[in-house]
Amino acid sequence: MAKKAKPSRTSRRPVWSGSITIGLVNVPVKLYAMIFDRSISFRFLHKVDNHPLKYERVCTKDGKVVPWEEVAKGYEVAKNEYVVFSKQELEASKPESDKRIRLDKFIDYFSVDPTYFNSFYILTPDNSNDAYNLLLVALQKMGKAGAGRITLRTKEYPVLVHAYQNSLVLTTLRYGYDVANPNSFEELKELKTPNKTELDLAVKIITDLSGEFDIEEYEDNYRRKIEELIEKKLKGETIVVEKPVEEEAKGLMVALRETLKQLEKK
Amino acid sequence: MNYNLTKVKFTNLEKILFPQLGITKAQLIEYYIRIAPRMLRILANRPIVLTRYPNGIDKGSFYEKDAPEGTPSWVATYKIHSETAHRDVNYVLCNDLDTLIWLANIAAIEIHIPLSTIETRDNPDFIFFDIDPEPPSTCEDAMTAGLYLKEKLDRLGLKSYVKTSGKKGLHILVPVVQEYTFKQTRAFVHKIGQQLAEEHENVVSEFSDTKKPGKIFVDYLQNAQGRTNVSPYSLRGVPEATVSTPIEWSDVKKRIKPAEFNIFTVPSLKKDPWKDIFEIKQKLDGK
Numbered sequence: 015m016a017k018k019a020k021p022s023r024t025s026r027r028p029v030w031s032g033s034i035t036i037g038l039v040n041v042p043v044k045l046y047a048m049i050f051d052r053s054i055s056f057r058f059l060h061k062v063d064n065h066p067l068k069y070e071r072v073c074t075k076d077g078k079v080v081p082w083e084e085v086a087k088g089y090e091v092a093k094n095e096y097v098v099f100s101k102q103e104l105e106a107s108k109p110e111s112d113k114r115i116r117l118d119k120f121i122d123y124f125s126v127d128p129t130y131f132n133s134f135y136i137l138t139p140d141n142s143n144d145a146y147n148l149l150l151v152a153l154q155k156m157g158k159a160g161a162g163r164i165t166l167r168t169k170e171y172p173v174l175v176h177a178y179q180n181s182l183v184l185t186t187l188r189y190g191y192d193v194a195n196p197n198s199f200e201e202l203k204e205l206k207t208p209n210k211t212e213l214d215l216a217v218k219i220i221t222d223l224s225g226e227f228d229i230e231e232y233e234d235n236y237r238r239k240i241e242e243l244i245e246k247k248l249k250g251e252t253i254v255v256e257k258p259v260e261e262e263a264k265g266l267m268v269a270l271r272e273t274l275k276q277l278e279k280k
Numbered sequence: 003m004n005y006n007l008t009k010v011k012f013t014n015l016e017k018i019l020f021p022q023l024g025i026t027k028a029q030l031i032e033y034y035i036r037i038a039p040r041m042l043r044i045l046a047n048r049p050i051v052l053t054r055y056p057n058g059i060d061k062g063s064f065y066e067k068d069a070p071e072g073t074p075s076w077v078a079t080y081k082i083h084s085e086t087a088h089r090d091v092n093y094v095l096c097n098d099l100d101t102l103i104w105l106a107n108i109a110a111i112e113i114h115i116p117l118s119t120i121e122t123r124d125n126p127d128f129i130f131f132d133i134d135p136e137p138p139s140t141c142e143d144a145m146t147a148g149l150y151l152k153e154k155l156d157r158l159g160l161k162s163y164v165k166t167s168g169k170k171g172l173h174i175l176v177p178v179v180q181e182y183t184f185k186q187t188r189a190f191v192h193k194i195g196q197q198l199a200e201e202h203e204n205v206v207s208e209f210s211d212t213k214k215p216g217k218i219f220v221d222y223l224q225n226a227q228g229r230t231n232v233s234p235y236s237l238r239g240v241p242e243a244t245v246s247t248p249i250e251w252s253d254v255k256k257r258i259k260p261a262e263f264n265i266f267t268v269p270s271l272k273k274d275p276w277k278d279i280f281e282i283k284q285k286l287d288g289k
């Protein structure tokens, strides 16, 4: 398997399209995914015959498969106690995307703690090259990011828009309550001040090891090993879902006919 | 091609299950198809236990009591509550050709059966002697002991049937009326074993004596509720692809080689030495 370079183009289809608005200024944009989970994924197979497995929704009461028409959503308020919602009820409460990214404040991008960064999207102009370019250059010049909000599918996010490698990038943020506070750990509250010699040594080690960070130096070794294995298996012992081989099945049919005749006689 | 002859959807027919002899799953299935007329009547209404070798006999096996996930709906099953496992176990009943073919297709190389049927689970229809030679004793020694046993059963007026275990041992079955408990049949088999042990130097009848080299163990413990033994005509998961094969007592006298009874030879055996086994119901207390 050829080693894949960084995906040059994200995907063909934008995840969202609308406009960035700053006061009265309007910049039509398209939004493309920037982050890809490229870890290896497997399908579950039935190891006896290598056929793919499928999931089914099974009722915990009688073990029977439940068709989608009979599926509702329940919010568990207490053990085994649910507030039930129909699809229509939930549909009605969904936030409506107004197709706008409203930026109402300009800040330093890294003044927002990275633990709040959720995901990243590339913004491209949507027949709006001039306006897009103006916003990009202005942000580059000021070194600022616009802060605002967006509704993606059914969820509203705080967002930042900043200049990154000659494009505008949208960063969706997590809400404050989505990120745990480390101070809630008792053992962290009990930490004492280290003594001076120890601290000096630690500082020296850190100074010695200080340098530039290059993400290209890192690789997912598990992924690489599995890719190598896939390559090997592709050359030799691939596992394919096989249809019965005609020739062999024919032999079985002859035996079957003879046996069925014998069983009939009895 | 007419696939309507069976409900089973064959998969991976060319998969090698016995690598030493290059035997494929297609050959395994063909064996069970050809042996079905003799085997099905024995399997009927007995909750079976499988030994499956999904990737061939060299790549590990597992015991399966429960009907496996993905068991087709047309396969008959029978629920028995397991006291030890504290749950119900759904056993497969192999009452028709399609089920047997399906078992072969899921690489259930070995099929094991209990000594009673679901109609009278507490009352066996066979008593069972397992003759197991401890090295350096050989299968020939097991046959000698088997003949002692036959003689003794003959003197008690009991007709006995013999099969190879597919390995080194011999299995001897006596069909009985379905009115004894396993406790009674077990005591009977144990008593006969003790008598043989007294009369013949190499024979032992107690499990504790089995580890002594050169002994031949007449095992009575198999006569118990829920115990299963390899079924007549079941293949064994061994490199030679032997079959636990019903044979004639005259074969035992000739000291035939158990390895001669295998996946290739057994389907073409002309005679069924156990033809009348279900027509005979015997009492253990003399005539």
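Keeping their order, the protein sequence lines are chains Y and G.
Taking our numbering, I'd label the letters of the first sequence as residues 15 to 280.
Taking our numbering, I'd label the letters of the second sequence as residues 3 to 289.
Backbone N, C-alpha and C fix where the C-beta goes; we use that ideal spot for every residue, glycine too.
About 20 Å separates the beta carbon of Pro-74/G from that of Lys-17/G, a gap too long to meet the 8 Å contact definition. Around Ser-162/G, the same chain offers Lys-152, Leu-155, Ile-174, Val-176 as residues with beta carbons nearer than 6 Å, after the five sequence neighbours per side are excluded.
Judged by beta-carbon spacing, Ile-240/Y lies beyond the 8 Å limit of Ile-115/Y, meaning their Cβ atoms are not closer than that value. Counted as a single uninterrupted DSSP element, the beta strand (DSSP E) harbouring Asp-118/Y occupies residues 114-121. In this structure Ser-233/G touches His-114/G by the C-beta definition: roughly 6 Å separates them, less than 8 Å. In the DSSP annotation of this structure, the continuous segment of the alpha helix (DSSP H) that includes Asn-235/Y starts and ends at 235-249. Taking the beta carbon of Arg-271/Y as reference, the chain G residues within 8 Å of it are Leu-7, listed in sequence order. Judged by DSSP in its simplified three-state form, Ala-110/G adopts strand. Below the 7 Å Cβ cutoff, chain G contributes Pro-39 as neighbours of Gln-276/Y, in chain order. The Cβ atoms of Ser-207/G and Gly-195/G lie closer than 8 Å to each other.
Closest in alpha carbon position to Phe-50/Y, among Ser-133/Y, Leu-148/Y, Leu-274/Y, is Ser-133/Y. For Ala-243/G, the CB contacts under 7 Å within the same chain, skipping 5 residues up- and downstream, are Phe-20, Leu-23, Ile-25, Leu-237, Asn-264, Ile-265 in chain order. DSSP links Val-98/Y through a beta bridge to Gly-88/Y. Its chain contains Phe-120, Ile-121, Asp-122, Tyr-123, His-176 as the residues whose beta carbon lies nearer than 8 Å to that of Lys-158/Y, once the 5 sequence neighbours on both sides are disregarded; these appear in chain order. The segment 59-67 of chain G and the segment 234-250 of chain Y do not touch, with fewer than three beta-carbon pairs separated by less than 8 Å.
Interface flag for Gly-250/Y against chain G is unset, since no Cβ pair is found closer than 8 Å. CA-CA distance, Asp-253/G to Tyr-222/G, rounds to 24 Å.
One Cα belongs to Thr-230/G, the other to His-83/G, and the distance between them is close to 16 Å. With fewer than three CB-CB distances shorter than 8 Å, the segment 139-151 of chain G does not count as touching the segment 89-106 of chain G. Taking 8 Å as the cut-off, the Cβ atoms of Ile-249/G and Pro-275/G count as close. Between the alpha carbons of Lys-78/Y and Tyr-69/Y lies a gap of roughly 13 Å.
In this structure, the CA atom of Glu-272/Y is about 45 Å from the CA atom of Leu-198/G.
In the assembly as shown, Glu-95/Y is an exposed residue. Its beta-carbon has fewer than 16 other beta-carbons within 10 Å. Assignment of beta strand (DSSP E) within the segment 150-192 of chain G, counting only whole runs of 3 or more residues, yields 163-166, 172-177 in chain order.
Note: Leu-277/Y is not bridge-paired with any residue in the DSSP secondary-structure output. In the DSSP assignment, Arg-36/G falls within the alpha helix (DSSP H) that extends over 27-45. In the DSSP assignment, Val-43/Y falls within the beta strand (DSSP E) that extends over 39-47. Beta-bridge partners of Asp-132/G (DSSP): His-173/G, Asp-221/G. Taking 7 Å as the Cβ-Cβ cut-off, the segment 49-82 of chain G approaches chain Y at Pro-56, Gly-72, given in chain order. Using a CB distance cut-off of 8 Å, Leu-223/Y does not count as an interface residue toward chain G.
Contact between the segment 146-155 of chain Y and the segment 77-92 of chain Y is absent: fewer than three C-beta pairs spanning the two stretches fall below 8 Å. Only buried fits Ser-118/G, as 16 or more other CB atoms lie within 10 angstroms of its CB. Distance from the Cα of Pro-260/G is smallest, within the candidate group Lys-273/G, Ser-167/G, Lys-272/G, for Ser-167/G.
The Cβ-Cβ distance between Pro-208/Y and Leu-202/Y does not fall below 8 Å.
Distance from the CA of Asn-141/Y to the CA of Pro-42/Y, rounded to the nearest whole angstrom, comes to 7 Å. At a cut-off of 8 Å between C-beta atoms, Glu-230/Y does not count as an interface residue with respect to chain G.
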